[in-house]
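Chains as they are written, first to last, in the working numbering: chain A, 1 to 204; chain B, 1001 to 1310.
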């Protein structure tokens, strides 16, 4: 997401959007270019919402990219095409998570999300990071649909309240209320989880 | 309840984007000291970005995604999309998609395509970053002005606040103190490796991984570090994210394709691919194991798995 997008400011020219008319007119080369350029964003979002080890990631990512393709005609240029694809991926992945939630939760009980190799930030502890992201995904399973989508847009795509409102079509105050309820639920979840509580105290 | 108590969404945004006004830092700090949810939310986008990172290892999957979406256009029956199918590599559609993907996204190098663009969390106000690294202390008295001036004048002096429990019972208050970090004694690669192995044998996996991580950062390419990649891969395979286990095995094989642990690395790689459901690559990995290590103790397992994958 560009800085301008994050601030809700004017969007830079989107070279991908210039392929849109051709793609919608049936030009497979243009469509392929759009899909190839948006696929990494889609995969990344799906991986975040389902969990990077979830074996359903390839299928749901495929499903999401198909949804992006189907939604190209509805694109109105209010964000970049890649951002648009991310929004669709959030919705598709959340729907998949809800549909497969029971099985996922069972699997996650047996899947310890712990250490990873340090990557960009050597000061960050990957074990703690995995616990935090696990808490986030657990929260998504417990929230009502609108709250889950709102919170995911806010956290996964790092959208402002205004941006979430624009994407969901809900008034800003409704978005604020949904985020607040999601945060309260998250707070309860943290307080009920001694391990996570320890992580957030920096003692783990 | 004040506005601050109701989760300061705009302040959180500003903190993440590095635009938080100086006067708002203390307000946000006070809220974060009370609100674990906001504290978690402040770092979640970066945590998630790290977890969702798309790397060159995903090229085949991305090409399949694009190919699948293209195949569903026109020719392929749309109904199949209802339950997404795993598109197998091969055929003109896949080749076109792969070529397009390579053209647009690029191939070589170790570039990481990340979800949210630049890691702008690094622009976060230093005080908030401090909170991110160490848990905030509720009701922490403000640092003495003099000490804060010293911090500003001498960046190497970092104010350190003891993490304070955020749940009842309330802890005794900890006073802030100034801490001048000294460079830690630099262990040798051999010592670090030995430390990590001791932690691993003792069952302290997080500590072992931290030590192996230090080895990787301080002595990249050393004999011990290269060897550790297989050990780390095994640890992650049993206890951590499989993708990272795969990356660790691949890291070893890229450097030491004929190394003494190549057989173990190949087995680990194939096991990781199996867990990730990347069947084509898994098939190649088992086949390579049998070709390069025909007497492998895992040969029977490899052959059994290959027959299942047919």
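Every residue gets a Cβ at the ideal spot worked out from N, C-alpha and C, and that includes glycine.
Subject >> DSSP state of residue 167 of chain A mapped onto helix, strand, coil >> reply: helix
Original post:
Can you give the beta carbon distance from residue 49 of chain A to residue 85 of chain A, rounded, assuming they're within the 8 angstroms contact cut?
Top reply: No, residue 49 of chain A and residue 85 of chain A are not in contact; Cβ-Cβ is about 14 angstroms, not under 8 angstroms.
Original post:
If we ignore side chains and look at the alpha-carbon of each, how far apart do residue 51 of chain A and residue 1261 of chain B end up?
Top reply: 30 angstroms
Original post:
Can you check whether the CB of residue 43 of chain A is closer than 9 angstroms to the CB of residue 57 of chain A?
Top reply: yes
**OP:** Assign residue 26 of chain A to one of two classes, buried (16 or more other C-beta atoms within 10 Å of its C-beta) or exposed (fewer than that).
**Re:** exposed
Subject >> Within chain E, the residues that residue 1058 of chain B reaches when beta carbons sit closer than 7 angstroms >> reply: The chain labelled as chain E is not found among the protein chains of the depicted structure, namely A and B.
**OP:** Anything in chain B within Cβ reach of residue 190 of chain A, meaning under 8 angstroms, just list it in chain order.
**Re:** 1036, 1037, 1040
**OP:** Measure the CB-CB distance between residue 31 of chain A and residue 41 of chain A and report whether it falls below 9 angstroms.
**Re:** no
Original post:
Three-state secondary structure (DSSP) at residue 14 of chain A?
Top reply: coil
Subject >> Rounded straight-line distance, which links the Cα of residue 54 of chain A to that of residue 1276 of chain B >> reply: 8 angstroms
Original post:
For residue 1205 of chain B, does the three-state DSSP call read helix, strand or coil?
Top reply: helix
**OP:** Write down the C-beta distance between residue 1045 of chain B and residue 130 of chain A rounded to the nearest angstrom, noting that I regard them as a contact closer than 8 angstroms.
**Re:** No, residue 1045 of chain B and residue 130 of chain A are not in contact; Cβ-Cβ is about 15 angstroms, not under 8 angstroms.
Original post:
Straight-line CA distance for residue 1290 of chain B to residue 176 of chain A?
Top reply: 58 angstroms
Original post:
Quick one: is residue 1013 of chain B near chain A, going by C-beta distance under 9 angstroms?
Top reply: yes
Subject >> Classification of residue 1297 of chain B by the beta-carbon crowding that lies within 10 angstroms, buried from 16 upward >> reply: exposed
Original post:
According to DSSP, is residue 1219 of chain B helix, strand or coil?
Top reply: coil
**OP:** Give me the Cα-Cα distance between residue 1305 of chain B and residue 1293 of chain B, rounded to the nearest whole angstrom.
**Re:** 16 angstroms
**OP:** Mark residue 1295 of chain B as exposed unless 16 or more other C-beta atoms lie within 10 angstroms of its C-beta, in which case mark it buried.
**Re:** exposed
Original post:
Of all Cβ atoms in chain B, is any one closer than 9 angstroms to the Cβ of residue 160 of chain A?
Top reply: yes
Subject >> Of the listed residues A/91, A/78, A/69, nearest to residue 28 of chain A (C-alpha basis) >> reply: A/69
**OP:** Would you kindly work out how many angstroms separate the C-alpha atoms of residue 185 of chain A and residue 83 of chain A, rounded to a whole number?
**Re:** 27 angstroms
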